[in-house]
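Here the sequence shown stands for residues 2 to 472, numbered as in my numbering.
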Amino acid sequence: MNPRLSHADLARVRAAAQTGPDDDVAETGPASLPLRLLLSFSNRDDEQKFSKFYNAFYYRYAQASLVVGALMIIGDVIADSLAYPGNPTNTLRLTSCLPILAAGLAFSFTQYARRRWQRVMAAFIVLVGASLFAVLLEIDRQGGMGLKSWVGILNFVFLQIYCFLILGIQFNFALAAGCGLLAIFEAIIVAGATATGPNVLYLSYHVVTLFLLAATIGWWREYVLRKEFLAKNRLKAAQLALSGQNAKLEGEVRKRTGELAMSQDAAILTLASLVETRDNETGNHVRRTQHYVRELARELRNHPKFAAALSEKQIETMFKSAPLHDIGKVGIPDHILRKPGRLEPDEFEIMKTHTTIGHQAIETAQRELGIKLDFLDCVQEIALNHHEKWDGSGYPRGLSGDAIPVSARLMAVADVYDALISERVYKKALSHDEAAAVIREGRGRHFDPDVVDAFFAIGDKITAIAHRFRD
């Protein structure tokens, strides 16, 4: 029987799907990432998570970019040496820019730099830029194409792109470094002895324009990165919230399923005990027989003949159904049901009807309730057939051999054995060995031979059950 969620449970599921775990997590609009020059999340927790993510992801990337920068400087030196051999200023790049990059790379491995690597990288790129500008200015003084030529602008553009895009530092640090490079470049060209006013304005216009372009690209890059991070963070939070809600609901379902199963078991045992009380038997009879049935089924489940009928689920269904094997006795008159002596032939005929009464009662209940349950089907099967005999001499239908349902064959052995070892007003209880001898005698006549063999194979378990639930 499957439990159904209440309206309150369904409401909680809908709420979990529509909202996050708290108001902050639910905030995903523009207010969470305001459009401003210095980018930051409005939620401090988001900013801390982003900084942690960024530092962890880009630290090694930034170190690699310093190596790339050093290789590019070496490449420039080689190219200029081939184009202008013997130019002494060419070696200045090797003696000024390259050592700064090497020092920056080495320093980046220190604990201090690890904690503040973005500030350290920004500072070193400004130092590299200053040294490169100094080299280009010296080339200008020697009459070559240096800082005030297209070469100077090209180097400035490369440094800005390197700062905002390649180095991997956040925009706020890149902006500070980029402004530093711009200020140094402007200061050098203004201070140049041969710089004329128009030439200074011309260079300033281009470098400022290119600086703004690089800064805009760098800003947009980080803005997109932050938006993606925010979306992933919100999705993860929503998944965690939904997972937690699902776990809670699953726990509630398991709890209610367990309670329902316990209620069902209690109702079965109560009803079975009432039947046994009318029959001058104790409630422990139904407990013993259901445990006998389960142990017999477990012993036989690997037998080729029984494997299809004795899955673990089917065994548990039989276990729950077994207590109601005599449910039909509620329809037998007391003077017959409670008679202390042997029944007369006509009385016995009435007694035999308890099998069909039980079957019909369950069938009527399922039909009127509009349900069809494996458990109740098994109750019908056992109630109707547990007095059938292997040789066909049983009742109510005179079935024989494999035509008798497996559940009824198991119950036949369990019911007879327990009746033999139980004391009644009209008889004394037999010992286990005496009762077992009766079971053995009925092998192939009253009982399925394989079930009898299983009974003797688990004799210790049978006696343990009888002792555990003794009257």
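Yeah, the Cβ is synthetic: ideal placement off N, Cα and C, and Gly gets one too. Computed from a predicted structure; not experimentally measured.
For R115, the three-state secondary structure derived from DSSP is helix. The way I'd put it, the stretch 323–337 does touch the stretch 353–367; three or more beta-carbon pairs between them come closer than 8 Å.
Note on the stretch 137–198: there is no whole beta strand (DSSP E) run with a minimum of 3 residues. In this structure V201 does not touch L183 by the C-beta definition: roughly 14 Å separates them, more than the 8 Å allowed.
In the structure shown, the three-state DSSP call for K306 is coil. Annotated three-state conformation of K429 is coil, per DSSP. For R444, DSSP records a beta bridge to F448. Across the structure, L421 and P450 are spaced so that their CA atoms are roughly 19 Å apart. Taking C-alpha positions only, I170 is separated from Y59 by approximately 7 Å. Per the Cβ contact rule, the stretch 81–90 is not in contact with the stretch 256–266 (fewer than 3 Cβ pairs under 8 Å).
Residue range 45–84 is occupied by the alpha helix (DSSP H) that includes L72.
Burial of K330 is indicated by the presence of at least 16 other C-beta atoms within 10 angstroms of its C-beta.
Less than 8 Å divides the Cβ of E223 from the Cβ of F172. If you compare the alpha carbons of A192, L226, Y418, I126 with that of V68, the shortest gap goes to I126. Between Q367 and K373, the CB-CB gap stays under 8 Å. Between T290 and A465, the alpha-carbon positions lie close to 13 Å from each other. In the structure shown, H388 falls within a coil segment according to DSSP collapsed to helix, strand and coil.
The C-alpha of L411 lies about 10 Å from the C-alpha of V417. In the assembly as shown, T318 is a buried residue. Its beta-carbon has 16 or more other beta-carbons within 10 Å.
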